[in-house]
Amino acid sequence: MSVRVRFAPSPTGPLHIGGVRTALYNYLLAKQQGGAFILRIEDTDQKRLVPGAEDYIKQSLEWLGLTPDEGPGYGGEHGPYRQSERKDLYAKYAEQMVADGNAYYAFDTPEELDKMRKDQEALGHHSAKYDARIRLQMRNSLTLDQEEADKLIAEGKGIIRLKMPADEDVSFVDLVREKVTFNTDQLDDKVILKADGMPTYHLANIVDDHLMEITHVIRGEEWLSSTAHHVLMYRFLGWEAPKFTHLPLILKPTGKGKLSKRDGAKFGFAVFPMEWYDKKEEVTYAGFKESGYDPKALLNFLVLLGWNPGNDEELMSIERMTELFSLDKIVKSGARFDVDKSKWFNQQYLMSTPDAHLLPPVKAIKPEGLVVEDAYLTKVIGLMKERVHHYGDFYTEGSYFFSAPTEYDDKQIKKRFKPEIVPHLEVIKAMVSTHSGDPSAMSTAVKGYLSDKELKMGVYLPLLRIMICGRLTGPDLFDIIVALGAEETSSRMVKASEYFNATLS
Ligand code: GLU
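Just add 1131 to wherever you are in the sequence shown, counting from 1, and you've got the working numbering.
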């Protein structure tokens, strides 16, 4: 049987970076095994739906290159792939479980449920659950007489709950954890069908995994405890369960707990693949895309958050990840989200990618109003790419390639500038014009002049750099000068000399 995996997000908001990792691992297994990667939208909880979230999820997957083989809008023979469009499919399975004595109708009102919890707490049972111990004290088809129950069901007042067997160990194999066991006494009688006929996550999830012929379920660790319920439902319905793998948490950069969107806002980095405007909070959350990451670098960073190839290979293309990926190398312990490491991956990607390939994405985030030719931008990319981490850095760190500095490092100027050096700077300015097309000839000429006159390189070269770039860091000065051209360089030197004189007079 060929591998079929699914990524099954609920469109309740943007795709968290942990969700992207889940999608990636599913995608890698599917591609490696020649199987299918399916996108299923789990939207049964209509109250929690957020407009735009489904589109956001699809756009993010496409930006990352994790395009589904099947899914809403992607075709496939197991559709529809949006659970709300499959609504009529689920009830019969819940009813079958009732008929077989594995589930029952419940009629308790929210007030009655609340009272049950309070009563239980008063008796010292904290976090009381609707379970085997409680169910016979509640209003359901196990306690009401048949006629009354049938009437309530006919009126559409019943929900269906799973009937957990008493004190039974339910075990399943998780490919990361090996054998996992839950005792049913710790598990509640989960609601599987709501009064309006809509299934809950648990029922819809297993029915769809079965009908869509899913072979492997790869999802976040938070679903581990639900898996016992799922395994029981597979048994109740006489279906074979898929293989389960639960992925470790992604932890905050520092401290305890899992990475949240608040961490991103607090520390100033993205936790979402693309920017997301939260209408309720009126807050825009940063995206990796807009922060200037390349999707290939982001995937490379993410694949190693919870998995490794078993050696120290770090830099991997998607093809290489596909080749090396294996579920048994997924780790159990949480993976720390290291922002610096994500930058490092992006930098490595920039360094190993031809300048011309970097042009389109760099151009795509060009600041508004900036007019720059492709050939020039490509040259800047080549000079700067070893020094930047993100696409946007080309414009910020390399701002002097696009406009003359408006500020100079006064401290550095004061340290080096004396009026007697002005005539020498004039000579250097002339040399710049003479050798305007050849950085190494220009470098030789300027350095030769300084050494002939016994002038200090450590004074003149930094000053020259400040005149042209406003700051002391950057690629080779003569490469910058050649890129800018003689005219622009001269004009910057004139402007800077005026500033230097004014500063020091
Ligand atoms: N809808 C669930 C979620 O958003 C899917 C869990 C699963 O993959 O089974 O996480």
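Glycine included, every Cβ here is placed at the ideal spot set by N, Cα and C.
With contacts defined by Cβ atoms closer than 9 angstroms, LEU1608 and ARG1623 do not form a contacting pair.
In its chain, beyond the 5 residues on either side, ALA1572, MET1573 and ALA1576 have a beta carbon closer than 7 angstroms to the beta carbon of HIS1566. Per the C-alpha coordinates, the member of HIS1555, VAL1151, ASN1233 and GLU1412 positioned closest to PRO1426 is VAL1151. Collapsing the DSSP output to three states places TYR1408 in a strand.
DSSP, read as helix, strand or coil, puts VAL1493 in helix. Contact between LYS1162 and VAL1307 does not hold, since their C-beta atoms are separated by about 20 angstroms, which reaches or exceeds 8 angstroms.
Burial state of MET1482 is exposed, judged by a 10 Å Cβ sphere holding fewer than 16 other Cβ atoms.
The continuous alpha helix (DSSP H) containing GLY1513 extends over residues 1505-1515.
At a cut-off of 8 angstroms, the beta-carbon of GLY1202 does not count as near the ligand GLU: no heavy atom of the ligand is closer than that. Looking at the DSSP output, GLU1309 sits in a beta bridge with ASP1305.
The C-beta distance from TYR1212 to GLU1201 rounds to 7 angstroms, short enough to fall under 8 angstroms. Residue environment: LYS1542 is assigned as exposed (fewer than 16 neighbouring CB atoms within 10 Å of its CB, all protein chains considered).
By the neighbour-count criterion, in which 16 or more other beta carbons inside 10 Å mark a residue as buried, PRO1145 falls on the buried side. Excluding five sequence positions before and after MET1132, the CB atoms of its chain that fall closer than 7 angstroms to its own CB belong to THR1346, given in chain order. Look at VAL1322 here: in three-state DSSP terms it is strand. Less than 9 angstroms separates the beta-carbon of LEU1436 from that of ALA1466. Linking HIS1256 to ASP1340 through their CA atoms gives a straight-line distance of about 35 angstroms. In the three-state reduction of the DSSP assignment, ARG1602 falls in the coil class. Within 8 angstroms of the C-beta of PRO1140 there is at least one heavy atom belonging to the ligand GLU. With a threshold of 8 angstroms, the Cβ atom of GLY1388 does not count as near the ligand GLU, since no heavy atom of the ligand is closer than that.
The alpha-carbon of GLU1585 is positioned some 25 angstroms away from that of ASP1540. The Cβ atoms of LEU1293 and MET1364 lie closer than 9 angstroms to each other. When TYR1580, GLN1317, LEU1382 and ASP1327 are compared, the shortest CA-CA separation from ASP1469 is found for LEU1382. Taking a 10 Å sphere around the C-beta of LYS1249, we find fewer than 16 other C-beta atoms and assign the residue as exposed. PRO1485 carries a coil assignment under DSSP once its states are collapsed to helix, strand and coil.
Approximately 23 angstroms separates the beta-carbon atoms of TYR1531 and VAL1558; this is outside 8 angstroms, ruling out the contact. ALA1234 and ASP1262 have their alpha carbons spaced roughly 12 angstroms apart.
Shown here for GLU1444: not one same chain residue has a beta carbon closer than 7 angstroms to its own, the five before and five after excluded. Two segments are said to touch when three or more pairs of C-beta atoms, one from each, lie closer than 8 angstroms; by this definition the region 1300-1317 touches the region 1367-1379. Beta-bridge partners assigned by DSSP to GLU1201: ILE1169. Counting only runs of 3 or more residues that sit fully inside the region 1433-1464, no beta strand (DSSP E) segment turns up.
With 16 or more other CB atoms across the displayed protein chains lying within 10 angstroms of its CB, ARG1171 is buried.
Under DSSP, PHE1375 shares a beta bridge with ASP1305 and VAL1348.
Considering only GLY1289, ASP1320, ARG1217 and GLY1287, the residue with the shortest C-alpha distance to ALA1259 is ASP1320.
For PHE1367 against MET1228, the beta-carbon gap comes to about 5 angstroms, under 8 angstroms, which counts as contact. Membership of ARG1152 in any beta strand (DSSP E) is not indicated; the residue belongs instead to the alpha helix (DSSP H) covering 1148-1163.
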